[in-house]
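K.L.:
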Amino acid sequence: MNVRSNTFEIRCEGRQLSEVATALLQSILFYRTYGKVRCASPTLVESVNRDVRDFVDKLRESEEQCGTLHLEFYCKRKGRVWPINETPLIWEIWILKFDCGNQDKQKERIEDVLFEKLLTIIQIINSSKCYLPQMPNRDHLDTVFDTSHADAQPYIYKVLLYSYFSLKNNNFT
163 MNVRSNTFEI
173 RCEGRQLSEV
183 ATALLQSILF
193 YRTYGKVRCA
203 SPTLVESVNR
213 DVRDFVDKLR
223 ESEEQCGTLH
233 LEFYCKRKGR
243 VWPINETPLI
253 WEIWILKFDC
263 GNQDKQKERI
273 EDVLFEKLLT
283 IIQIINSSKC
293 YLPQMPNRDH
303 LDTVFDTSHA
313 DAQPYIYKVL
323 LYSYFSLKNN
333 NFT
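If you're matching positions, the sequence shown starts at 163 in our numbering and goes up one per residue.
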């Protein structure tokens, strides 16, 4: 299976990082939640907030003013012999690259940039090229959906944090 990858590059001030990262992650997860969506799911909101806090803390601890968040959606493929042997099949990756340095280069307001990124997310998710895993039967829901939240069932995901990346030949908006 080919993994669909979407990359966004955002330049913002350090004080805006938490809000911008949270808005983008929650928006992507909102569109990757199946069934009746509860926007204010306390456990899902806390999970996203914890990941963003960890990312912001890592960035503040490092000397770099740049970092990336990877939001990976995957399915679990149960092993044939042992139930322990679950292999994750990643089907979509969202890469959010943040640059919190060089604010003098920031020409656009962050609200305009965020609006543009959110519209792009919606266009990507609504495109006909968008892949979604096959709906499992009731016994295997936990191989496709994160069932740890009582009031929301997003596709299984994980957030990976990186506190720096190469800025060479990158154009940020």
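Think of the CB as a built atom: it goes at the ideal place given N, C-alpha and C, for glycine as much as any other residue.
Look up D274 in the DSSP assignment and say whether it is helix, strand or coil.
P.N.:
Translated into positions along the sequence shown, residue 274 becomes position 112. Helix.
K.L.:
Looking only at its own chain, which residues have a Cβ that is under 6 Å from the Cβ of N331, when we skip the five neighbours before and after it?
P.N.:
Within the sequence shown, numbered from 1, the residue matching residue 331 stands at position 169. Annotation note: pLDDT 40 at N331 (below 50); position unreliable, no value reported.
K.L.:
Buried or exposed for D313, please, with buried defined as at least 16 other CB atoms from any protein chain shown within 10 angstroms of its CB.
P.N.:
Residue 313 sits at position 151 when you count from the first residue of the sequence shown. With fewer than 16 Cβ atoms within 10 Å of its Cβ, D313 is classed as exposed.
K.L.:
Are the region 169-179 and the region 298-313 in contact at 8 Å, needing three or more beta carbon pairs?
P.N.:
No, because fewer than three Cβ pairs between the region 169-179 and the region 298-313 fall closer than 8 Å, the two stretches do not touch.
K.L.:
Taking the Cβ atom as the reference point for each residue, do V165 and I255 lie within a distance shorter than 7 Å?
P.N.:
The count along the sequence shown starts at 1 and reaches residue 165 at position 3. The count along the sequence shown starts at 1 and reaches residue 255 at position 93. It is a contact, given that the beta carbons lie within the stated cut-off.
K.L.:
Taking 8 Å as the cut-off, does the region 202-212 touch the region 313-323 (at least 3 CB pairs, one atom from each stretch)?
P.N.:
Touching, per the Cβ criterion.
K.L.:
Name the residue from I172, S289 and P295 whose alpha carbon lies nearest to the alpha carbon of I252.
P.N.:
Counting from 1 along the sequence shown, the entry for residue 252 is found at position 90. Nearest of I172, S289 and P295 to I252, Cα basis: P295.
K.L.:
If we count the other Cβ atoms within 10 Å of its Cβ and call it buried at 16 or more, is L187 buried or exposed?
P.N.:
Taking the first residue of the sequence shown as position 1, residue 187 is located at position 25. Buried, because 16 or more other Cβ atoms sit within 10 Å of the Cβ of L187.
K.L.:
With a CB to CB cut of under 6 Å and the five nearest residues on each side skipped, what residues in its chain are close to Q227?
P.N.:
For the purposes of this step, residue 227 is taken as residue 65 along the sequence shown, with counting starting at 1. Only C262 and G263 meet the Cβ criterion.
K.L.:
Over what stretch of residues does the beta strand (DSSP E) that includes L186 continue unbroken?
P.N.:
As a first step, residue 186 must be located in the sequence shown, where it is residue number 24. Element bounds for L186: not the beta strand (DSSP E) but the alpha helix (DSSP H), L179 to Y193.
K.L.:
What is the residue span of the alpha helix (DSSP H) that E225 lies within?
P.N.:
Taking the sequence shown and counting its residues from 1, one reaches residue 225 at position 63. Premise fails: E225 is in no alpha helix (DSSP H) and is neither H nor E.
K.L.:
In whole angstroms, give me the CA-to-CA distance for L191 and R271.
P.N.:
Taking the first residue of the sequence shown as 1, we reach residue 191 at position 29. Taking the first residue of the sequence shown as 1, we reach residue 271 at position 109. Between L191 and R271, the C-alpha separation is close to 24 Å.
K.L.:
Please classify A202 as buried or exposed, where buried requires at least 16 neighbouring CB atoms within 10 angstroms.
P.N.:
Counted from its first residue, the sequence shown places residue 202 at position 40. Counting Cβ neighbours within 10 Å, A202 comes out exposed, since fewer than 16 surround it.
K.L.:
Would you call P204 buried or exposed, if buried means 16 or more other Cβ atoms sit within 10 Å of its Cβ?
P.N.:
For the purposes of this step, residue 204 is identified with residue 42 of the sequence shown, where counting begins at 1. Per the 10 Å Cβ criterion, exposed.
K.L.:
Do Y317 and F235 have their CB atoms nearer than 7 Å?
P.N.:
One-based indexing of the sequence shown puts residue 317 at position 155. One-based indexing of the sequence shown puts residue 235 at position 73. In this structure, F235 lies closer than 7 Å to Y317 by Cβ.
K.L.:
Roughly how many whole angstroms lie between the Cα atoms of E171 and T249?
P.N.:
As a working note, residue 171 is residue 9 in the sequence shown. As a working note, residue 249 is residue 87 in the sequence shown. Cα to Cα, the separation comes out at about 30 Å.
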